[in-house]
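In this note's numbering, the protein residues as written are -16 to 70.
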C-alpha cells in the first residue's frame, strides 16, 4: 500500500490560477514580495506594544502605511495577472 505524502500548508496552497497558465518567475517575485510585506506588517504590529515615545509611534504609523501600500501593490499586480487567493 502506498502512503499519501501530506502536503505542507503554506501561502502557496491558497493560490489558484487556471491550470493552463504557468506561474512565471515574475509572478513568484510578486508572491514573495507580498509575503514579505505581510510578514513585515505582523512584525511591525508587535513593535507597537513596546514603544512609548510619541515620535517613534508616529514613525511606526508611517511605516505601517507604507507597508500597507506595498502589500496592496503586490496584491493588485497578482490579481491583474489572474492569480487569486483562496479563503
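Where is the CB? At the ideal position from N, CA and C, for every residue including glycine. Because the structure is a prediction, the values reported are computed rather than measured.
Should residue 66 be labelled buried (16 or more other beta-carbon atoms within 10 Å of its own) or exposed?
In the chain shown, residue 66 corresponds to position 83, counting from 1. With 16 or more other Cβ atoms within 10 Å, it is buried.
C-alpha distance - residue 31 paired with residue 43, whole-angstrom precision
Indexing the chain shown from 1 puts residue 31 at position 48. Indexing the chain shown from 1 puts residue 43 at position 60. Their backbone Cα atoms lie some 7 Å apart in a straight line.
Cutting at 8 Å between CB atoms, please list the residues of its own chain near residue 10, excluding the five before and the five after it.
As a position in the chain shown, residue 10 is number 27, starting the count at 1. Cβ neighbours of residue 10 beyond the five flanking positions: 61, 64 and 66.
Please identify the residue among 38, 16, 7 and 35 whose C-alpha is closest to the C-alpha of residue 51.
Here residue 51 corresponds to residue number 68 of the chain shown, with the count starting at 1. Selected option, being the one with the closest Cα: 16.
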